[in-house]
Amino acid sequence: MDALLQMEDVALGYGEKPVLADVNFTIRPGQLVVITGTSGCGKSTLLKGAVGLLKPLAGTVRLLGRDLSILDETGLMEVRSRVGLLFQGGALLNSMTVAENVALPLQLHSKLPAGAKKKLVQMKLAMVGLEHTWSMSPSELSGGMRKRVALARAMILDPDILFCDEPSAGLDPVTAAALDRLLLDLRNDLNVTLMVVTHELPSIETIADRMIMVADGNVVFDGTLDEARHSTLTSVQSFLQRKAARSDGAGMSVLERFDAGGEVGS
Amino acid sequence: MDQARHAKVERVIDDDLTRLIVRGRLDRDSASAVLDWLSAWTPRRGGRVGLDLEGVDSMDSAGVAIVARWLDLARKKKCRPELLGTSPSAQRTLEMFRFRDEAPREVEKQGGQLLESLGDWAIAKCTGTKDFFILLSDILYWSLVGPFVSGRGAPSGELTRQTILLGSMAFGIVSLLAALIGLTMALLSMHQLRQFGANIYVADLVAVAMVREMGPMMTAIIVAGRSGSAIAAELATMEVTEEVDALRAMGFSPVRFLVVPKVYAVTITQPLLTAASICFGILGGMAIATVALGVPPEAYLNRTGEILKFKDLVTGLSKSLVFGWIILVVAANSGLGTRGGAGEVGISTTRSVVLAIFSVIIADCIFSLIFYL
Ligand SMILES: Nc1ncnc2c1ncn2[C@@H]1O[C@H](COP(=O)(O)OP(=O)(O)OP(=O)(O)O)[C@@H](O)[C@H]1O
Ligand SMILES: [Mg+2]
Chain E
365 MDALLQMEDV ALGYGEKPVL ADVNFTIRPG QLVVITGTSG CGKSTLLKGA VGLLKPLAGT
425 VRLLGRDLSI LDETGLMEVR SRVGLLFQGG ALLNSMTVAE NVALPLQLHS KLPAGAKKKL
485 VQMKLAMVGL EHTWSMSPSE LSGGMRKRVA LARAMILDPD ILFCDEPSAG LDPVTAAALD
545 RLLLDLRNDL NVTLMVVTHE LPSIETIADR MIMVADGNVV FDGTLDEARH STLTSVQSFL
605 QRKAARSDGA GMSVLERFDA GGEVGS
Chain L
46 MDQARHAKVE RVIDDDLTRL IVRGRLDRDS ASAVLDWLSA WTPRRGGRVG LDLEGVDSMD
106 SAGVAIVARW LDLARKKKCR PELLGTSPSA QRTLEMFRFR DEAPREVEKQ GGQLLESLGD
166 WAIAKCTGTK DFFILLSDIL YWSLVGPFVS GRGAPSGELT RQTILLGSMA FGIVSLLAAL
226 IGLTMALLSM HQLRQFGANI YVADLVAVAM VREMGPMMTA IIVAGRSGSA IAAELATMEV
286 TEEVDALRAM GFSPVRFLVV PKVYAVTITQ PLLTAASICF GILGGMAIAT VALGVPPEAY
346 LNRTGEILKF KDLVTGLSKS LVFGWIILVV AANSGLGTRG GAGEVGISTT RSVVLAIFSV
406 IIADCIFSLI FYL
C-alpha cells in the first residue's frame, strides 16, 4: 500500500457550509506530517474528516487505502483497529479508571489473554510516564496528564497511523519536548506514521518531516520545513516569524505591537 | 458633573462647519458624558461637523468607542462628520484598536428572508426527525441483537451500576410520593364516601387509580425528572467533550456502549418502581381508611385484592415499561444530539425532561383510548 491517507478534493464542514474545501494531499508510510494554522481554521475538522468521524461534504477520503464512505462494518472495524486518534481534550471516559480507558480498544480489537492485556496497558502507561495513575479516575488528572493517558490509549494497538490533535498544548516545555521525543521515537522505532496538529513552532522544527498549513478554508502550503522557509506566501512567513498578518494596511493590531515590543498607548 | 472634571467639550461654529473640541482625558470615566455633549451639539439638520481631538491628553478604548459611536449618530442625523485632528496619544489609541472612519455597511435585507428562515427551520426539523429515527433503530437493533454479538458492549458491571442508579436510588422518592398520593386520594374521597356509608369503597378507588393511572404515571414523571435528566446530561457532556467521538473512532457503537445498558436497566427498574409505587399508594390509602374511616386494615386489603383485576395489573406495568423506554429514548436523543459547548448541555437536559414528560402523557392518553374505550 503506498498511501496511508489520501484526500481528494475533500470538503469538510458542519451543516452545509464547508469549513474546508478542495483539500488534496497524500500521506505515505513513515512520514511525520504536521498540520498547522491559526486557531479555528479547521485543523481539528480536518483530523475528524481524515478518520471518518465527519463525513466529507464532497470528495473522497481514503484511509489505509479504503474509501471510508463505502466500507462495510468489518472493513471499518479493521481500519479502526489500525488507526490511533488522540483528541484535543483527551476524551477519556470519566466513568472508568485510567487503566480501563487505556485498555478500551483492546476489548474490541484484541484476543490477547487478560494478563497480557494488563501488561500491555502497563507498558503504554509507562511510555507516557503515568504508571502510577493506573487506578485513578480521569477526573483526578491534570489536563496534560489526561492528554498523555489519551496518547497511551491511542497507541495501545500499535496503530499504523496515529492522528494527534495538539498533543503538547498545555504542557510545560520540558514535558512537551519529551512528548516530541516520544513521537519521533514512535516514527523511527515503531515505524508509525503520524499526523500531528500543532502550532508550537519549536515542536514543528524538531519533529516535522512535512508541514501542511491550513488557512482561509484551504490548504495553503504543503511541503518540507525548508520549503516553508523559502515560501513567498505571507501566511506561511508570518507564521514562521511569529507575526500576526497585517490586514489591509490600516494600522497595526495590538498583537503586532506586542510582537514588535513596541510601546502600547496608555 | 463629575465626569466633566477631566474632560471638556466645546463647540465652535465656523460658517458651515460645527467644530466639537474635546480636551482632557477621554476615558471610561468621562466617555458617556462626552458622548452626551457631542450628540447634543451635533446639528440636527445635517451639514458638516468636525471632531477635534488635538487637546486630548489620554484616551482609552472607551474613548475610541464613543468616537465611533458619535460618527454613527452624526451620520444618522444626515451630517457629514469628520475627524479634524488628533493628539499623538489619541492617535496611538485609535490605531491600536484599528479605528477606521468608515461608514457602517448596512447589512442588506434579503427579499426571501422569512421564507429562507422558514426553510432552515423545516430542514432542521427534518434532519432532527431523521436523526431521531436513526437513533431509535440503532437502540432497537443493539438492544435486541447486542447480547448475541460478543465483545463490543459496555464493560461488565455497567448494567448493575445503571440498575442501581436508575432503580434503587429512585426507590425512596418514588415510594414516598406514591404513599402521599394514595393518602391524598383517600382524603379527597373520604367525605363523599362517608355520606353514603360506603367507607370500604375507598379501597377500590385508591387501588384502581394507583394501578391504572397514578402508579405508572407518577413513577414515569419522577424518573423523567430524576434519571432522564441525568442521562441526558451525561450523554450531552460526553458528546461535547468528544468522548462519544472517541468511542466511535475506536470502533465502539456509542449507542450500544452507552445507551443499551440503560435500556436493559430501565426495563428491569421501571416495572419494579411502578409496582413499589402501587403498593405504597395503597398503603397510603389504607392509612387514611383506618384512621379516619374506621376501616380495618385486613378488610381494606381484602377489598383491594378483590377489586384488582389481573388485566389492570398487566396494563399498568406494561404501560410503565413503555414510559420507561420513552424517557430513555428521549434522553438519549437530546443528549447525543448535543452540539457545541457546555451551555448546550443544560439546554439538552431541560429539553429532555420537558419532552419526556410530554411524551409520557401523550402515550398515556393513547393507552387509555386503547384499553378502556
Ligand atoms: N461542532 C461544530 N459545529 C459547527 N461548527 C463547528 C463545530 N466544530 C467546529 N466548528 C467550526 O469549524 C471551524 C474550525 O474548527 P476547528 O475545531 O477545526 O478549529 P481548529 O483549527 O482545530 O482550532 P484550534 O486550534 O483552536 O483547536 C471553526 O470556525 C468552528 O467555528
Ligand atoms: Mg482544534
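These protein sequence lines map, in sequence, to chains E and L. If you're matching positions, the first sequence starts at 365 in this note's numbering and goes up one per residue. If you're matching positions, the second sequence starts at 46 in this note's numbering and goes up one per residue. The beta-carbon is built from N, C-alpha and C at its ideal position, and this holds for glycine as well.
- Leaving aside the five residues that flank residue 394 (chain L) on each side, the residues in its chain whose CB is nearer than 7 Å to its CB run, in chain order, 274, 277, 278, 281.
- For residue 457 (chain E), the C-beta contacts it makes with chain L under 7 Å involve 288, in order along the chain.
- Segment contact: the stretch 418-430 of chain E against the stretch 492-501 of chain E, fewer than three CB-CB distances shorter than 8 Å; contact not assigned.
- Going by DSSP, residue 247 (chain L) is part of the alpha helix (DSSP H) stretching over 246-254.
- Ligand 1 has a heavy atom closer than 7 Å to the beta-carbon of residue 383 (chain E).
- With a contact defined as Cβ atoms closer than 8 Å, residue 575 (chain E) and residue 414 (chain E) miss out at about 16 Å.
- DSSP lists E:579 as the bridge partner or partners of residue 582 (chain E).
- If you draw a straight line from the Cα of residue 524 (chain E) to the Cα of residue 381 (chain L), it comes to about 30 Å.
- Under the three-state reduction of DSSP, residue 53 (chain L) is assigned to strand.
- Here the stretch 449-469 of chain E lies against the stretch 285-300 of chain L, with 3 or more beta-carbon pairs under 8 Å apart.
- By the neighbour-count definition (other C-beta atoms within 10 Å, threshold 16), residue 370 (chain E) is a buried residue.
- Residue 370 (chain E) has its Cβ no nearer than 7 Å to any heavy atom of ligand 1.
- In terms of Cβ geometry, residue 95 (chain L) and residue 64 (chain L) form a close pair [threshold 8 Å].
- Annotation: residue 518 (chain E) to residue 511 (chain E) spans about 10 Å, alpha carbon to alpha carbon.
- Contact residues of ligand 2 (beta-carbon closer than 7 Å to any heavy atom; chain order) are E:407, E:408, E:452, E:529, E:530, E:561.
- Per DSSP, residue 102 (chain L) is one residue of the beta strand (DSSP E) stretching across 92-104.
- A straight line joining the alpha-carbon of residue 418 (chain E) with that of residue 409 (chain E) spans about 8 Å.
- Only buried fits residue 325 (chain L), as 16 or more other CB atoms lie within 10 angstroms of its CB.
- For residue 424 (chain E), the closest of E:492, E:573, E:375 by C-alpha to C-alpha distance is E:375.
- Residue 108 (chain L) is a Cβ neighbour of residue 76 (chain L), given a cutoff of 8 Å.
- Residue range 387-417 is occupied by the alpha helix (DSSP H) that includes residue 410 (chain L), with no beta strand (DSSP E) assigned at that position.
- For residue 464 (chain E), the chain L residues whose C-beta falls within less than 9 Å of its own C-beta are 200, listed in chain order.
- Rounded to whole angstroms, the gap between the alpha carbons of residue 312 (chain L) and residue 365 (chain L) is 9 Å.
- Under the DSSP assignment, residue 447 (chain E) falls in the beta strand (DSSP E) whose first and last residues are 447-450.
- Note on residue 410 (chain L): under 16 other CB atoms within 10 angstroms of its CB, so exposed under the neighbour-count rule.
- Here DSSP, grouped into helix, strand and coil, assigns residue 385 (chain E) to strand.
- 8 Å or more divides the Cβ of residue 116 (chain L) from the Cβ of residue 377 (chain L).
- Residue 251 (chain L) has its alpha-carbon roughly 11 Å from the corresponding atom of residue 333 (chain L).
- Residues of the stretch 243-275 of chain L whose Cβ lies closer than 7 Å to any Cβ of chain E: none.
- Residue state for residue 178 (chain L) is assigned as helix, using DSSP reduced to three classes.
- For ligand 1, no non-hydrogen atom lies closer than 7 Å to the CB of residue 606 (chain E).
- At a beta-carbon threshold of 9 Å, none of the residues of chain L lie near residue 435 (chain E); the nearest stands roughly 12 Å away.
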